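Numbering (my numbering), first residue to last: 4 to 355. Worksheet for the structure shown next.
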C-alpha cells in the first residue's frame, strides 16, 4: 500500500493517527529500530555471537529485511485456542506446510509456531525462513480449564530443527507466574548459549484484573510493567497486546505508582500509551512487537494497519499478526501481511 492508500483506508481517523505528536516521552529518548539495530543495540550486550547471528537472520529476512523492523506470522492457536476453533475458518492451515508457506509468500521475517508444526516441515523450510519455536503453551483440554503455560519441549529440540529463536509466554499476574518466570529465564539463558534469539509473550492473566466492568489486562501501566519484567529476564524482543486505556494499578489498588505515570509519561492517545510500553523495554533497546489480535472480518485490514501505525510511531519494532492473516483465504492473508509491512516501509510514517 502506498501512503495515499493508507490515508484513504484510515479515512476520518487519518489525522488522529498520522498527525499526532507525542508530548509525553520525547522521541529523542527512544532507541528506534534502524538498519543498525544489531550493531548499535545488541552487539554491546552479553549476548553470544551465535545469538547475534540469529537476530541478524531474522532482521535481514523478508520484505522488511534490513530495516530493523519485523513482521512475524504466529500460529500457535492450534493449542492455545484449540485447532478446530482456530482453523475452522480456513481448514487449509491444519497442514503445517501451509502455515510456513503463508509466512514465506507473505514476506515475513519469521514464522512462529509449535514444535509439532515447525518440526513437521523443518528439513524443507528451516533454511528458507527463520523459525521461532514456541516452547510453552496454555492447553485447553484439561477440565475444568486452567490458565497456565507449560513446557511442550526443550531448547535443544528447537536448536536441532534449525530455529533462529525460541518464543515463550509468561502469564504475569497469575498465581503460576513465579514458576513460569524461573522456567523461562533458564530457557532463555540456555537459548542464548545455543545461539538462538529469545522472544517473550508478556501477557497478563488474573481474574481480578477486572473491576466494575472494566478489563485492565491491556492497561498501559500493567502491560508496561510486564514488558519491563520481560526485558529483565533478557528477552531480545517482547510481544505485547496494544494498550487499551491505563490506570490498572490505581483501579485495582496494588503495586506502586507515581502520578507522573499517568500524566507526564502517558496520555489517553494510543500512540502515547504504546510509547509507555516501549519505554519499559529499556527505551526500545528491547524491541516491542504488538499483537494483531483476533479476526473481526471486514475491519481486519484497517485494524491491522492502525496497529502497525501505532506501534511504529510509538517506537516499536513491528507486528506479530496471526489470526487476521490465516483465518481467511491465503491470497487475502498475504495482502494483509503486506499491508502491515508497507506501514514500516513507508518513510512518511515517522516516529511521533
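Just so it is clear, CB atoms sit at the ideal spot from N, CA and C, and this is done for glycine as well. Bear in mind the structure is a predicted one, so any value in this text is a computation, not a measurement.
Closest residue to residue i among the options (Cα-Cα distance)
| i | options | result |
| --- | --- | --- |
| residue 35 | 336, 349, 287 and 325 | 287 |
| residue 187 | 236, 178, 37 and 134 | 236 |
| residue 164 | 317, 129 and 147 | 129 |
| residue 40 | 318, 229 and 196 | 318 |
| residue 138 | 171, 111, 113 and 112 | 171 |
| residue 10 | 326, 322, 312 and 151 | 312 |
| residue 338 | 109, 260 and 261 | 109 |
| residue 92 | 297, 354 and 310 | 297 |
| residue 196 | 300, 53, 71 and 114 | 53 |
| residue 258 | 226, 18 and 334 | 226 |
| residue 155 | 252, 116 and 333 | 116 |
| residue 249 | 269, 181, 21 and 214 | 269 |
| residue 103 | 84, 135, 179 and 4 | 135 |
| residue 18 | 343, 278, 274 and 336 | 274 |
| residue 121 | 162, 151 and 308 | 162 |
| residue 194 | 336, 51, 13 and 243 | 51 |
| residue 49 | 149, 200, 300 and 228 | 200 |
| residue 278 | 261, 301, 300 and 247 | 247 |
Chain-order list of residues whose beta-carbon lies under 7 Å from that of residue i (same chain, five-residue window excluded)
| i | result |
| --- | --- |
| residue 264 | 224 |
| residue 98 | none |
| residue 214 | 254 and 255 |
| residue 303 | 327 and 339 |
8 Å contact criterion, which residue i and residue j should meet: CB distance rounded
| i | j | result |
| --- | --- | --- |
| residue 306 | residue 6 | Not quite, the Cβ-Cβ distance comes to about 19 Å (not below 8 Å), so this is no contact. |
| residue 107 | residue 131 | 6 Å |
| residue 58 | residue 328 | Not quite, the Cβ-Cβ distance comes to about 23 Å (not below 8 Å), so this is no contact. |
| residue 239 | residue 292 | Wrong, their Cβ atoms sit about 11 Å apart, outside the cutoff. |
| residue 322 | residue 295 | 6 Å |
| residue 73 | residue 112 | 4 Å |
Bridge partners - residue i, DSSP secondary structure assignment
| i | result |
| --- | --- |
| residue 265 | Residue 265 pairs with nothing; no bridge assigned. |
| residue 111 | Per DSSP, none; premise fails for residue 111. |
| residue 205 | 173 |
| residue 291 | 241 |
| residue 139 | 154 |
| residue 218 | 213 |
| residue 166 | Residue 166 is not bridged to any residue. |
| residue 322 | 74 and 293 |
| residue 200 | 168 |
CB of residue i within 8 Å of CB of residue j, strictly
| i | j | result |
| --- | --- | --- |
| residue 222 | residue 27 | no |
| residue 184 | residue 142 | no |
| residue 358 | residue 153 | With the chain covering 4 to 355 only, the question about residue 358 has no answer from this structure. |
| residue 124 | residue 160 | no |
| residue 347 | residue 44 | no |
| residue 158 | residue 190 | yes |
| residue 33 | residue 281 | yes |
| residue 75 | residue 167 | no |
| residue 355 | residue 85 | no |
| residue 140 | residue 79 | yes |
| residue 37 | residue 65 | no |
| residue 12 | residue 308 | yes |
Neighbourhood of residue i by C-beta distance below 6 Å, restricted to the same chain and skipping five residues each side
| i | result |
| --- | --- |
| residue 231 | 283 |
| residue 90 | 96 and 97 |
| residue 220 | 207 and 212 |
| residue 4 | 342 and 345 |
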